[in-house]
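Undergrad: Protein chains in written order, with this note's numbering: chain A, -12 to 353; chain B, -12 to 309.
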C-alpha cells in the first residue's frame, strides 16, 4: 500500500543577502499512512515546524525547498505545484492547527465566519448553508451552544474553546491529513488533555491521518503510532511509539525521556540535556548532537552518522552503537552514560519498560 | 447607549473648556480691536468711548468672556467688526468652499492613500512601492505653500492649463451652461486640491502600510492561508480589515480639516474658505470673527473624536464589550 504522504529528502534552505544560504531542514524523509498518527518530536529550533509548514507549501518568505525534495501526497508531488494548485490542497486535503489559538484567529471576524470561510474556500455553498455547517462543526468539536457561539468573536472565547474553533476550521475541508503544530502548548494542562482527547476522537471518526508536531514526548504516549525524533534539521531516530519508549536508541531521545517530569519519585532537579539546539548556521561538523551528547566517540566529531536500522522499522542515526570494542565515550554527563543499555532487552521487558515510561499501549496495532 | 451619553457629555465639557480658553486668549491679544473700525481716521475720545461701549471692548476680561458665552448659548456669534455683518453669515458663506476642498482631500487621502498603502504593504519588495513611498515623503516634507507655488508656476504660469487662483471665473457670462460652470469650478479646484492631497497623503499611506505590514505577519494570516483562502480575501479580510483601528484614529484627527481647511493653501490660492478667513480675521484683530471660526473648529474636533470613538466600536469588536 502506498502511504498517504511520502516525504523524501526534505531540505529547506533560507537565502541570505550575505553569506551562504542556511539549511534549516536537512534531508528529512518519512511517510504517513492513511489514518495513522505520526509524532514529530524535538526541541524548539530543530526544524519540526518548518517541516509541517512545508507540506502544504506554506514556508515563510525566503525559505525554499531543494530541487531534490519530493512531497508526494496521494501520488502527487506537492513540491512542484504552483501556489494556485497548492491552494486546492490547503484545508481541503491537508489541514493545519497551530500553537497559539489566540492569534491564529482573526480578531475582527466572528468565529462562524472564519469556519464558513474555510468551507467556502473549497465548496460552492451558500452563506446560509456554510453557517449551518459551521454550527454543526462547532457542535462536533464539543462547543456548547454552537448556535450562539457561532456569532462570537475570538476574544469572547477561552483558550481551549479557541483551539476547538481552530480544529473545527481544520475539519471544515474534510482533510485526509491534519498537521497539528504544538496544538496544546499554549493551553492549561487540564484543557490540554481535553483537546488531545478531542483530536483522538475526531481522528478515528473521520479517519484522518495526523502529523502531531510537539516538543513533549509525554503527550505522544498512547496517541501516536510512530514517532520521529528530530534534532538540528535531521532525523535522529524513528520507531513505533512502543519501541521508542521501550528501547530508545539515540542518546538524544534518551535525554528527552529523562526530562519528562514524573509524578512518582519526584526527587531533586529534573535532569535536562545540557546546552541548547545550535542555530542552523552553527551546526557542528560530524554528528550534530555530539557537543551535547554523553557518549561521544571519535567518529562523532568527524562524520555525520547515517540513519540505520536498529531493529525492524526502528532507525537511529548514532555512531555509539557501532563503537569498536574497548572504545570509550567522552562527553558531558557521566550519569547519563551509566543509564545506557548494555545489551539487548528481551521482548517481555520491553513492554513493561514502555509502560513505565508513560506509554499506555492503548493503541491497537494495525 | 449609556456609553454614548457619557461620551457625548465628555465631548461637550471638553468643548466648553476649549471655548472659554479660546475666548480668554483672543481677548488677551495685544493691539486695539477698534483699529479695524476706526482705521486712520481722527477720532475724539468721546466717539472712541461710545464705539468701545457699543462693541463691548471696554468690558473687563471675565465680563467679555461671560457675555460671549451667554450669546453663544442663544446661538448668537456676534457681528464681525471688519465687515459689520453677522459672524454666522460670514462663516456659512465661507464654509462650503472649505468643505468642498477639505472633503475632497479627505476622500482622496482615505481612498487612494489607503489603497496605495495596502498595495505597498503587499508588495514591499517592488521598486514601484519604494518609489511611491519616497514620493509621499517628499510631498509631506515640503511646506504646502512651496508645493503649491511650484504647482502654480508649472500648471498655471508655464503651461497655462489651469487658473492660478480663486473659486471661479468672475468673467464667465451669467447665462453659461451648467457644464461650462462645472468645468470652471473643477479647473479652479484642481491646483489647491492637488496641493492639499500631495501634502497630506503620506500620513494615511504610511499608516496603512505600517498597519498592514504588521498584520501580514500575524499568525491568523498564516492560518487563513492554511485553510486555502484566496489571496485577495487574505489581503482584504485578514490584512486590511484588522489594520483599520489606527486608520480610524487618523480619520478622527483629520475631520476638523473639513472646516479648518489649510490656512496656507487657501491663502495661496485665494480660496474663500474658513482657513483664509481665520488668517484675515487674526491679522485685523476682528475678535468676534476669530472667536466664531475658533468655536466652529472646536466643535468639529470634538465631533471628529466622537465619530472616531463610535467607529472604533464598529471596527474593533473587543471595544464593544467595554
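Quick reminder that beta carbons are idealized off the backbone N, C-alpha and C, glycines included.
1) Compute the distance between the beta-carbons of residue 228 of chain A and residue 28 of chain A, then report whether it is under 7 Å.
2) Which residue wins for smallest C-alpha separation from residue 9 of chain A, given the options A/219, A/85, A/75, A/154?
3) Give me whichever residues DSSP pairs with residue 83 of chain A in a beta bridge.
4) So is residue 263 of chain B buried or exposed if we call it buried at 16+ other beta carbons inside 10 Å?
5) Of all the residues that make up the region 291 to 303 of chain B, which are near chain A by a beta-carbon distance shorter than 8 Å?
6) Using the rule of at least 16 other Cβ atoms within 10 Å of the residue's Cβ for burial, across every protein chain shown, is residue -5 of chain B buried or exposed?
7) With H, G and I counted as helix, E and B as strand and the rest as coil, what does DSSP make of residue 197 of chain A?
8) Just how far apart, CA to CA, sit residue 295 of chain A and residue 40 of chain A?
9) Could you work out which residues of chain A lie near residue 206 of chain B, taking near to mean beta carbons separated by less than 7 Å?
10) Under the rule that 16 or more other beta-carbon atoms within 10 Å means buried, what is residue 164 of chain B, buried or exposed?
11) Determine the extent of the beta strand (DSSP E) in which residue 12 of chain A is found, giving its start and end residues.
12) Quick check for students: name the residue ranges of the alpha helix (DSSP H) that lie wholly in the region 260 to 286 of chain B, counting only runs of 4 or more.
13) For residue 160 of chain B, decide whether its Cβ has a neighbour in chain A, counting only Cβ atoms nearer than 7 Å.
14) Please state the DSSP three-state secondary structure of residue 147 of chain B.
15) Which residue's Cα is closest to the Cα of residue 60 of chain A: A/51, A/69, A/80?
16) Assign residue 145 of chain B to buried or exposed, taking buried as 16 or more other Cβ atoms, counted over all protein chains shown, within 10 Å of its Cβ.
17) Counting Cβ pairs closer than 8 Å, one from the region 69 to 79 of chain B and one from the region 139 to 157 of chain B, do we hit at least three?
18) Would you decide whether residue 32 of chain B is buried or exposed? Buried here means 16 or more other CB atoms lie within 10 Å of its CB.
19) CB-CB under 7 Å to residue 58 of chain B, same chain, minus the five flanking residues each way: which ones, in chain order?
20) I'd like the span of the alpha helix (DSSP H) that includes residue 175 of chain B, first residue to last.
21) Compute the beta-carbon to beta-carbon distance between residue 50 of chain A and residue 267 of chain A, rounded to the nearest angstrom, for a pair I have assumed lies under 8 Å.
22) Take every Cβ of the region 295 to 308 of chain B, pair it with every Cβ of the region 92 to 100 of chain A, and state whether three or more of those distances are shorter than 8 Å.
23) Taking the alpha helix (DSSP H) that residue -3 of chain B belongs to, which residues open and close that run?
24) Would you mind reading off the limits of the alpha helix (DSSP H) that contains residue 50 of chain A?
25) Let me check understanding here. Comparing Cα to Cα, which of A/211, A/45, A/84 lies closest to residue 68 of chain A?
26) Which residues in chain A have a C-beta closer than 9 Å to the C-beta of residue 52 of chain B? List them in chain order.
27) Strictly under 7 Å for the Cβ-Cβ distance: is residue 305 of chain B near chain A by that measure?
28) Just to make sure I have the definition right: I need the residues of chain B whose C-beta is within less than 7 Å of the C-beta of residue 79 of chain A. Which are they?
29) If residue 158 of chain A sits next to residue 124 of chain A, beta carbons under 8 Å apart, how far is it from one beta carbon to the other, in whole angstroms?
30) Using a beta-carbon distance below 7 Å, is residue 225 of chain B in contact with chain A?
31) Closer than 8 Å is the cut-off here; do at least three beta carbon pairs connect the region 270 to 281 of chain A with the region 204 to 221 of chain A?
32) Between which residues of its own chain and residue 266 of chain B is the CB-CB distance below 7 Å, once the five residues before and five after are set aside?
33) For residue 156 of chain A, would you say it is in contact with chain B, using Cβ-to-Cβ distances shorter than 7 Å as the test?
34) Quick check: the Cα distance between residue 111 of chain B and residue 117 of chain B, rounded to an integer number of angstroms?
35) Helix, strand or coil: which one does DSSP assign to residue 331 of chain A?
36) On the three-state DSSP scale, how would you describe residue -4 of chain A?
TA: Per the coordinate set shown:
1) no
2) Ranking A/219, A/85, A/75, A/154 by Cα distance to residue 9 of chain A puts A/219 first.
3) In DSSP, residue 83 of chain A forms a bridge with A/166.
4) buried
5) 302, 303
6) exposed
7) Note: residue 197 of chain A maps to strand in three-state DSSP.
8) 27 Å
9) 85, 87, 90, 91
10) exposed
11) 9 to 19
12) Correct list: 261 to 270.
13) no
14) coil
15) A/80
16) With fewer than 16 Cβ atoms within 10 Å of its Cβ, residue 145 of chain B is classed as exposed.
17) no
18) exposed
19) 65
20) Annotation for residue 175 of chain B: the continuous alpha helix (DSSP H) segment containing it runs 165 to 187.
21) Contact doesn't hold; Cβ gap of about 11 Å is too wide.
22) yes
23) First-last of the alpha helix (DSSP H) with residue -3 of chain B: -11 to 15.
24) From DSSP, residue 50 of chain A is part of no alpha helix (DSSP H) but of the beta strand (DSSP E) over 50 to 52.
25) A/45
26) Those do not exist, as residue 52 of chain B stays about 46 Å from chain A at its closest Cβ, beyond 9 Å.
27) yes
28) 215
29) 6 Å
30) yes
31) yes
32) 250, 254
33) yes
34) 8 Å
35) Since pLDDT at residue 331 of chain A reaches only 48, below the 50 mark, its modelled position is unreliable, and no value is offered.
36) strand
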